[in-house]
Amino acid sequence: MDLTLTEEQRDLRDAVRSLLTKQADSAAVRAAMASPTGRDEPLWRQLTGELGLTGLSVPEASGGAGATFAEVAVVLEEAGAALLPGPYASTVVVAEVLTRFGRTDLLPALGDGAVGALAQREPGDRSWPPRVGCVGSRNACSWLLTGVQAAVVDGGAADLLLVAAVDGGAETLFAVAGNAAGLSRAAVPLMDQTRRAADLRFERVPAVRVGGPDAVAFARDVAAVAAACEAVGTARRALERTVEHLRARTQFGRPLGSFQALRHRAADLFTTVEAAASTARYAACVVATAPDELPVVAPLAKLVCAQALTDVAAEAVQLHGGIAITWEHDAHLWFKRAAHVQHTGGSPEQLRRQLAPAAGL
Amino acid sequence: MDLTLTEEQRDLRDAVRSLLTKQADSAAVRAAMASPTGRDEPLWRQLTGELGLTGLSVPEASGGAGATFAEVAVVLEEAGAALLPGPYASTVVVAEVLTRFGRTDLLPALGDGAVGALAQREPGDRSWPPRVGCVGSRNACSWLLTGVQAAVVDGGAADLLLVAAVDGGAETLFAVAGNAAGLSRAAVPLMDQTRRAADLRFERVPAVRVGGPDAVAFARDVAAVAAACEAVGTARRALERTVEHLRARTQFGRPLGSFQALRHRAADLFTTVEAAASTARYAACVVATAPDELPVVAPLAKLVCAQALTDVAAEAVQLHGGIAITWEHDAHLWFKRAAHVQHTGGSPEQLRRQLAPAAGL
Amino acid sequence: MTAAEAAFRAEIRDWLETELSGDFAALRGSGGPGREHEDLEERAAWERRLGEAGWIGVGWPDSRYGKALDLQQQVVFHEEYARAAAPGRLGHIGEQLLVPTLLAHGTEEQKARFVPGVASGEVMWCQGYSEPDAGSDLANVGTRAVLDGDRWVVTGQKIWTSLAHIADWCFVIARTEPGSQRHAGLSFLLVPMDQPGVTVRPIVQLTGTSEFNEVFFDDAVAAAGDVVGEAGAGWRVAMSLLGFERGVSTLGQQIGFTRELEAITVRARENGAADDPVLADRIVSAWVDLQVMRHTALRTLGGDAAREAPWAANVSKLLWANWHRRLGELAMAVEGPAAVVTSGLPYELTDDQRLYLFTRADTIYGGSNEVQRNVLAERHLGLPRDRA
Amino acid sequence: MTAAEAAFRAEIRDWLETELSGDFAALRGSGGPGREHEDLEERAAWERRLGEAGWIGVGWPDSRYGKALDLQQQVVFHEEYARAAAPGRLGHIGEQLLVPTLLAHGTEEQKARFVPGVASGEVMWCQGYSEPDAGSDLANVGTRAVLDGDRWVVTGQKIWTSLAHIADWCFVIARTEPGSQRHAGLSFLLVPMDQPGVTVRPIVQLTGTSEFNEVFFDDAVAAAGDVVGEAGAGWRVAMSLLGFERGVSTLGQQIGFTRELEAITVRARENGAADDPVLADRIVSAWVDLQVMRHTALRTLGGDAAREAPWAANVSKLLWANWHRRLGELAMAVEGPAAVVTSGLPYELTDDQRLYLFTRADTIYGGSNEVQRNVLAERHLGLPRDRA
């Protein structure tokens, strides 16, 4: 597997980076995260409509760009780098799942900025993989879904929800329209203010069956890979900004970056980030070309990349010093994002336990 | 509890340090570890006879110096610093146990250089606290001991062995003479060549009962504290030598110690060592004055000090560079000692599990 | 424990129990690092109550101004104060930094003028050391003061000034000899905050709350005599003050830490986190390291500590700051996926989140980890100074 | 995998299977870091066998001297070689360092003279770079060479010279311009080992075995023409050689790592260590980090790696050296209390102990961790050089 970027992927990366540098700088991100919907609406329309980035890996026949998740991953890294507020990751996960399970008929209008989200955790559940709590019951030609899902990222804005539930004893993945009858959504505030979440209550909500346990697992795994790719983007940007600070800031009459203790720590972080980036890239290629490996590679990528971001964000704060403790500097945004990625989608201990059989234990 | 050294303790420390600096330098240690008994016989006679250091905490009425384990701890640190080969730690543990349980009548002739050792692990056992495997059975006015004990440090040379065994379902501590009938001892080679060990086989060996489960636990705990004190001594010396190297050695035209990355690492090690030293000192005072705390403080001290030595020894190797990989430099002796302390007497994970109730879990 | 010590402990405990049951009951657990914005008026009243009862400055070595307790008694006082979850002090900068400095370097007249206000809990102080361009380099002072007749005229900016918004006075390091460099030519000035030349701007922190400030001096004025030590020799005064930080109050701090860890441990038992053996191992590690800090504090407060542990301040700071930062990480891990949800709008953080976020400051302020390591390497390991 | 690749893989696998079943069967697992002292004669014979079959220098870019396999084929070759546990190479210094250097900087005459001996497995090389007083500072070269008619006369000392005791030749960095400083005035000389002026003294390592040496040049002689690149311009030649280290053989190395980790994992299941959840967590961590190294190797060997990952050599070295060192620690932890007992006198270490002890060298030799971090900081992060 060649994990270097293709010419097209590099062009895609450069285009998205250039756009987000202009449209999603720190001020824009802060404006978006303080706005009612938590996103920059014109930018979201541009990303989804003009550029079609949420449909990147959807087949052309289904209205997408016909690329693969490897290309989506390139965009996810840039979204992570900018801390782009809005449901990009959630939506591409839903698109990938529906594409993979042949249900692109369920895709909402991605080109019009439609939003998808994945619901997979009950309130109070801290197990991993999460306990599946919603119950689906067959009702003539359709299903009805009942249960509660906690802190679903982008669940409030979603036009289409994928919901992990139990049907006849088996894990089943259902699709539910955001405006379905019997669905109530209540916003929950997150420490990472670049994200929005909602508690969802389903009371006999009409649902469409997408697939069985393999669909639930696939959705969970793609979400993990998406989180990993975003985390790598954030980590890389946080490190770049930290290195810039070390170059620019002087203390005791010399640039901070000339102090070897700090240079060595930056070098270790660089190693951490690039190693994690390799794993994220590998995982994205696995989604695209070798999904059999996904049950191992997805938790592995989430584990490694969340930890890398956690390490980088923590050191970014320390290496910036006092300014990083202030609201006005972006360091706390990276740091809060790191906590979000680390504590959702399985803790490091849980993910390692999930990987134990693959490791021979 | 005042944990600073008293005037007398400082004098004791200085005297022992001065003696060992002359008599147990690197060349002497290497000669001793290559010798048949694994120790420098004249030095051992001097330490035990003239100076009475193995009987330091034994009451004067029983032929000792009437000091406490806090003074023994001072000597243990110096023995650890020098990597003094020989059974000092093993012997003072036995002396402390016999004193505590009022069995100084069993003490061998400490002033003549007699040696004690504690046997507490069966072959193949990796649990902690160790499974007690030897069995004691009552035989008229005495007990007979049967079983096997693995890699007992100083077990080959011991004039008196303390052995953890089971008697009528209860853990019991027995004393056995080194030359008792039915006891066979086979030397086992250790990676840490400054120590000697033996496998012991007991076949209906006459034994004296010292105490019940509290004696077994006390012996184990005092051994842990002794190991902690020795480890602190080794760690402090390894760090001192490393700092000397950083001061003396130049690279790229300047002393290594002027490179901030190395200076910061040395500072962190210093913090680690002095924190561990505080805990070792506290534990030694607990042996002397507050043995009720010992079941918590002993494993804690062993855990913390073994880890400190492990960290320091590893960094001592790295900071010395290539020379530390050679046989002629002392770094490997510290490093091997660190492994010995870390992997015997309970692993870090096991000791933390032992401490979990104290921590509220 | 001696009988006298037990009686003393009972006295303090009773006093705190009584006082914190009445009007001040709501103040238990209020204030302190990360919560410095809470209940300012009520805590100011508490300061005055402490002062009335003589519980301010218990460790000052001059019995004219306070109880001058011995070390063991001070330990007991701080332990009981922490154990009662009595409110975070507003007056600690005056009590623990300014007054010890005055007692060491001030004139009798200065002591008589300034100490009683601190002792009564009426007068609040803040510390004007750090500057925006200086970072950890305290000697890089840009604030200037010029003697103009009977007064100093002060111009410059300080930053990370705790509690400046409630302080009556600020002690300021200013450059009083134009053209002087680094440590030379600095003075330690006492500047009233309530004057037109002083502006305080709160710094909004990553928690969304404020407890540090920027302080702007724009031709602010101090009396000519309100310089501690000699004019131009302020560096020595400023540095001796750093030695007063912490010390015996460490033991009180550790009781606060114990309470925080206990809450996390209880939570872990309740929510199942403790059933994860790897997480349980981390909890025990935190507990172990807390015991080690306690042993280290006992050792560095012992009779001969100045000789045996001259490194105490640096080692202790590194230990507690890193420990506390890890505790914040542990709190979040114990909470699990719920850790990412705040307790309310607009940005009401949970205790775990506040701990997690605010402890990042612990390793930066009050001498960053990097500064502590530099000091240890140079002063206590004798390693050559990094080339400047 | 393409059919051609599968066929190629089968060819190598069959060849190794056949060869390692006969006289060479006992060599499986022999040699390599930490075991370089084992089976020297038999492994020398194995080198010649490899040479005969054309399996030396498979990655050399010049098809006159070897198979010039493409990258994917080289990966397959190294993977299969490692998978078969074929013996640690004795000729790798000639194959992977000297010949690539000659192909890049040597004259046609030098190539014709020296490459075939390496290709046939007959001629062994060692590397004369490090010196006792230099440490990580390679430019601090004290070894001198003076041109005396048709020969260089070489005087000085090298250290950490792997396999010098079996080498026929040594490539030596020597100062050929008296009074020159640092990187200037150095030359890259080819010096025969079998001459009176060369003395090799083995360095006994912490394992009790030897694989490094001190090499003393005492008026040793090299032919005037046996300088690679221009005399006085040896630094550039020497540095370009460092870029040849590792690369594609990393994947083979990782298969060796996998085998080591598997053995430890099996042992943990057998002896109960795996029942300790905290130790099990460490084992999984090691496995995870090994996968990450594999992904990193794939990325840094990809089509556009030179552009995308110019830092590959430094990052890979840090990753594998630290991983391997941790693996040694893990091996001991899995073994538990039995880990401290050796397998016999005089000082026969267990595999775990050898791994534990010898991996300490991994982070020191071949560019220490500190050197890798310096290079990353300066070249790839653009941080200012530490003041020299």
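Residue numbers (the numbering used here), protein chains in the order written: chain P, 2 to 362; chain H, 2 to 362; chain R, 2 to 389; chain F, 2 to 389. Note that the Cβ used here is the ideal one computed from N, Cα and C, for glycine as well.
Is DSSP giving residue i helix, strand or coil here?
i	result
Glu231/F	coil
Trp324/F	helix
Asp106/P	helix
Val133/H	coil
Gly52/R	helix
Val142/R	coil
Asn180/P	coil
Ile256/F	helix
Leu21/R	coil
Ser279/H	helix
Lys23/P	helix
Pro385/R	coil
State buried or exposed for residue i, treating a residue as buried only when at least 16 other CB atoms are found within 10 Å of its CB.
i	result
Lys303/P	buried
Gln196/F	exposed
Val267/R	exposed
Pro338/F	buried
Arg361/F	buried
Cys127/R	buried
Lys23/H	exposed
Asp200/H	buried
Met194/R	buried
Ala110/P	exposed
Met294/R	buried
To which residues of the same chain is residue i closer than 7 Å at the C-beta, ignoring the five residues directly before and after it?
i	result
Gly346/H	Ala224, Ala225, Ala228, Lys303
Arg11/P	none
Val238/F	Thr102, His106, Phe189, Val229, Gly230
Going by alpha carbons, who is nearest to residue i out of the options?
i	options	result
Thr311/P	Arg237/P, Asp26/P, Asp168/P, Leu201/P	Arg237/P
Thr251/P	Ala86/R, Asp138/R, Leu302/R	Asp138/R
Leu21/H	Ala82/H, Val177/H, Ala218/H	Ala82/H
Thr64/R	Pro117/R, Ile13/R, Leu99/R	In the sequence as displayed, the identity of residue 64/R is Ser instead of Thr. Minimum Cα distance to Ser64/R is reached at Pro117/R.
Gly179/P	Gly169/P, Pro207/P, Glu42/P	Pro207/P
Ala187/H	Ser22/F, Gly345/F, Ala146/F	Gly345/F
Lys159/F	Leu148/F, Pro179/F, Gly129/F	Gly129/F
Starting from the C-beta of residue i, find all residues in its chain whose C-beta is less than 6 Å away, skip the five residues before and the five after it, and write them out in chain order.
i	result
Val73/H	Leu57, Ser58, Val93
Arg196/H	Val154
Leaving out five residues before and five after residue i in sequence, what residues of the same chain have Cβ atoms less than 8 Å from its Cβ?
i	result
His330/H	His321, Ile324
Glu400/R	Chain R is shown from 2 up to 389; residue 400/R falls before or after that span and cannot be answered.
Ala317/H	Ala239, Leu240, Arg242, Thr243, Ala325, Ala332, Trp335, Phe336
Taking Cβ-Cβ distances below 9 Å as the criterion, which residues of the stretch 283-296 of chain P are in contact with chain F? Flagged, chain order: Tyr283, Ala284.
Residues of the stretch 329-340 of chain R with a CB closer than 7 Å to any CB of chain P: list them in chain order, please. Listed by position along the chain: Met333, Ala334, Gly337, Pro338, Ala340.
Which residues, taken in chain order from the stretch 280-301 of chain R, show a beta carbon closer than 7 Å to some beta carbon of chain H? Ala281, Asp282, Ile284, Val285, Ser286, Trp288, Val289, Gln292, Val293, His296, Thr297, Leu299, Arg300
Positions along the stretch 307-320 of chain H whose CB lies within less than 9 Å of some CB in chain R: none
Determine which residues of the stretch 182-207 of chain H have a Cβ less than 8 Å from any Cβ of chain F, and write them out in chain order. Val189, Pro190, Leu191, Met192, Asp193, Gln194, Ala198
Selection of the stretch 183-211 of chain R by Cβ proximity to chain F, strictly under 7 Å: Within the stretch 183-211 of chain R, contact with chain F at the beta-carbon level (separation under 7 Å) is assigned to no residue.
May I ask you to list, following chain order, the residues of the stretch 343-359 of chain P that have a beta carbon less than 7 Å from some beta carbon of chain F? Glu350, Arg353, Leu356, Ala357
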